[in-house]
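**Q**
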Amino acid sequence: MKQKIEALILQAVETLKQNGVLAQETNPQVIIERTRDAQHGDYASNLALTLAKAAKTNPRQLAEQLIAALPEDAVITKVELAGPGFINFFIDPYAQHAIIETIHQAGPAYGLSQVGAGKKIQVEFVSANPTGPLHVGHGRGAAYGSVLADLLQAVGFNVHREYYVNDAGRQMDILATSIWLRYLEECGEVLPFPSNGYRGEYVRNIAWDIHDKSGNEYRRPVDLVLEDIPADEPQGGDKELHIDALIARTKTLLGAGLYRDFFQIGLNTILDDIKDDLHEFGVDYQQWFSERQLMDDGSVEQALACLRAGGHLYEKEGATWFASSNLGDEKDRVVVRENGQYTYFASDIAYHMNKLDRGFEQIIDIWGADHHGYIPRVRAAIQALGADESKLKVLLVQFATLYRGEEKVQMSTRSGEFVTLRQLRNEVGKDAARFFYVLRRSEQHMDFDLKLATSKSNENPVFYVQYAYARVCSVLRQLDEKGWERNLQLGIDNVRLLSAEHENQLIATIARYPELLERAALQYEPHQLIHYLRELAHEFHTYYNAHQFLVDDAGLRNARLNLICAVKQVLANGLNLLNINTPESM
RNA sequence: GCGCUUGUAGCUCAACCGGAUAGAGCACCAGCCUUCUAAGCUGGGGGUCGCAGGUUCGAGUCCUGCCAAGCGCGCCA
């Protein structure tokens, strides 16, 4: 419909060019908007307002001339000049009725499109360190990323979902050491636990499990473990020096081989838990990409060689630096430490080079907002690698501040005091959790009230949408009980009986679903889909209260059934995209 | 101090490339169940769009300054 009106307006513009009203070189971008107010018709164009200046005339006069030059069209019942120079189009209310039949034919495919044109696009999200279970902060990134990926796929992109596993680096060593110390306790040793270690209950569980399976294989005498280790913070020492010494001691006492085994068991256990957790949350990936693999297969070395060849690296104070400040970063960054180890940033450069090499036309990184300072250096790296930095899009997800009623919930992975995603799912269920997370724009700070989300009452908006779906199902059950059958063709033949205001409104809303999907996807804003579904559900509930569907007149009955079945289909398509269930009864 | 993000109704949030009288939900008030599920519907009150300038036919939206909140500013990840 938009295209149709656009074409008509362009014809009018051509006519005015010939009349000399508009300059020959006028090549306007015609914007047709759906109106927000029914008084303004169905569609509106602001073309006269934007062209008035160039045409050296006032907008209302130009709009009048445009309207006069507009070709006749059966679908358009009225064209009005309004306000400062808007052109409002009123559409024949029956013109949109055909969408009901379209929806019945397309079914689950209704709303899908090909604007993405099969473009290869990668979405990397969550990518939490495998040092513990996912918490509710990760949940938002998981819900946002997965819905965004599904949206992009729905509009025709070739989407690759990926999780970057930070399975190398110091944090992982701290984890392995933490598990080992708990394991020693399991063996019967008594020793202090480092203040900087991972204290969560899951660490004990892994240790318990290893002890159960391997007995005392990894056991070493506690006095050897603690010998000459610098004091921990509570004892007046430095917690970083303390933990680093413990890591080194763990490696020495176990030896490289056993340490590696032990490390791997810890990593696998936690990663399996994360995979399982996300899967149950409705989040699945095409690939789990290992950071350590980049280290092991020489990718990091190769990436740094590439930067070096481009003259972007230099040595200073024993470390190797990337001159990112030449490329928009606020300062240069270390890539190889004084001790010869790569920084996290070094492997991330290699990772992004790898992404580019895999031929993605667009790379979307979804990060927690606390990583925003990291963006300029990654962009700098991509430029230094000789790639087009506009291929990278970084989307930030603000962490949710967690409340339990009025009380703010403090979270820290290290101390083990946090609410896990799994706990949240167990309390509120997958549907409500996903719905809640996607409800708000991702850059928006968000207060997540556990008390509210866990309430199984009508305060929870997910039920409202699901209830609309269940209500349609219920009507169909009633139909069956009355011994009637739905007749699609009879309904189509009588579609013009759908003339009530509620019906026209509902038809207009389901008709714009494809546009909505496209916009939500291209703007990376899944919350638009949620808001749309709430609106659709609301219009359905209103319709339900205002009109009886199961009337004696078979023509009207089937016309209405076709409409509510089309609503049901759109609700299902939207909820499926969100990976939220569609209950047949509630 | 510098940088990024945010600031809209009592609370939580929307507002499509700048567009017409800024909208929902919750909460509050008043109504609607002998009729397809009341987890629903109808109506009502409630606003200095953080503040001040600027850009223009038009600004919640763009620009500048200020105020406030969150985050960041490691040879951590």
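Numbering-wise (the working numbering), the first sequence opens with residue 30 and increments by one. From the three backbone atoms N, C-alpha and C, an ideal C-beta is built for every residue, glycine too. Please read all numbers here as calculations on a predicted model, not as lab measurements.
1) Pick helix, strand or coil for residue 110, following the three-state DSSP scheme.
2) What's the C-alpha gap between residue 528 and residue 120?
3) Helix, strand or coil, according to DSSP, for residue 63 in the structure here?
4) Any idea what DSSP makes of residue 135, helix, strand or coil?
5) I'd like to know whether the C-beta atoms of residue 77 and residue 116 end up nearer to each other than 8 Å.
6) Relative to the C-alpha of residue 181, which residue among 422, 152, 491 is closest?
7) Taking one C-beta from the segment 447 to 457 and one from the segment 495 to 512 each time, how about it: are there three or more such pairs within less than 8 Å?
8) For the beta strand (DSSP E) that contains residue 359, what are its first and last residues?
9) Beta-carbon within less than 6 Å of residue 442's beta-carbon, same chain only, minus the 5 sequence neighbours each way: which residues are those?
10) Give the range of the beta strand (DSSP E) segment to which residue 328 is assigned.
11) According to DSSP, simplified to helix, strand and coil, what is residue 237?
12) Name the DSSP beta bridge partners of residue 190, please?
13) What separation, rounded to the nearest whole angstrom, lies between the Cα atoms of residue 424 and residue 45?
14) What is the DSSP secondary structure of residue 299, counted as helix, strand or coil?
15) Ends of the beta strand (DSSP E) at residue 207?
16) To the nearest angstrom, report how far apart residue 394 and residue 156 are at their CA atoms.
17) Beta-carbon separation of residue 248 and residue 275 under 8 Å?
18) Helix or strand or just coil, what does DSSP make of residue 395?
19) Identify, in the order they occur along the chain, each residue of the same chain with its Cβ nearer than 8 Å to the Cβ of residue 418, setting aside the five sequence neighbours on each side.
20) Between which residues of its own chain and residue 158 is the CB-CB distance below 7 Å, once the five residues before and five after are set aside?
21) Within 10 angstroms of the Cβ of residue 146, are there 16 or more other Cβ atoms? Answer buried if so, exposed if not.
22) When you compare only the Cα positions, how much space is there between residue 464 and residue 91?
23) Could you tell me the distance, in whole angstroms, from the CA atom of residue 391 to the CA atom of residue 63?
24) Around the C-beta of residue 387, are 16 or more other C-beta atoms found within 10 angstroms, so that it is buried, or is it exposed?
25) Applying the criterion that 16 or more other CB atoms from any shown protein chain within 10 Å of the CB defines a buried residue, is residue 523 buried or exposed?
26) Out of curiosity, what's the CA-to-CA distance linking residue 590 and residue 297?
27) Report the rounded CA-to-CA distance for residue 43 versus residue 336, giving the unit in angstroms.
28) Based on the DSSP secondary-structure assignment, which residues constitute the bridge partners of residue 477?
29) Using the Cβ count rule (16 or more neighbours within 10 Å means buried), how would you classify residue 324?
30) What residues match up with residue 164 in a beta bridge as DSSP calls it?
31) Assuming residue 253 contacts residue 283 under a Cβ cut-off of 8 Å, what Cβ separation, rounded to an integer in Å, is found between them?
32) In terms of residue numbering, what span does the alpha helix (DSSP H) encompassing residue 33 cover?
33) When we look at the beta-carbon of residue 65 and count the other beta-carbons within 10 Å, is it buried (16 or more) or exposed?
34) In three-state DSSP terms, what is residue 94?
35) How big is the Cα-Cα spacing for residue 124 and residue 533?
36) In chain order, what residues of the same chain have a beta carbon less than 7 Å from the beta carbon of residue 445, not counting five sequence neighbours either side?
**A** Looking at the coordinates:
1) strand
2) 14 Å
3) strand
4) helix
5) yes
6) 152
7) no
8) No beta strand (DSSP E) holds residue 359; DSSP gives it neither H nor E.
9) Residue placement at residue 442 cannot be trusted, given a pLDDT of 49 that sits under 50; what the coordinates show is reported in the next sentence. Only 161 meet the Cβ criterion.
10) Here residue 328 belongs to no beta strand (DSSP E); instead the alpha helix (DSSP H) covers 328 to 338.
11) helix
12) 152
13) 44 Å
14) helix
15) Where residue 207 is concerned, there is no enclosing beta strand (DSSP E), although the alpha helix (DSSP H) it sits in stretches over 199 to 215.
16) 10 Å
17) no
18) strand
19) 408, 411, 412
20) 195, 200
21) exposed
22) 47 Å
23) 30 Å
24) exposed
25) buried
26) 52 Å
27) 54 Å
28) 431
29) buried
30) 449
31) About 11 Å; that fails the 8 Å criterion.
32) 31 to 48
33) exposed
34) helix
35) 10 Å
36) Caution applies to residue 445, whose pLDDT of 48 falls short of 50 and renders its modelled position unreliable; the value that the coordinates give is listed next. Closer than 7 Å at the Cβ level, and outside the excluded window around residue 445, lie 228, 229, 230.
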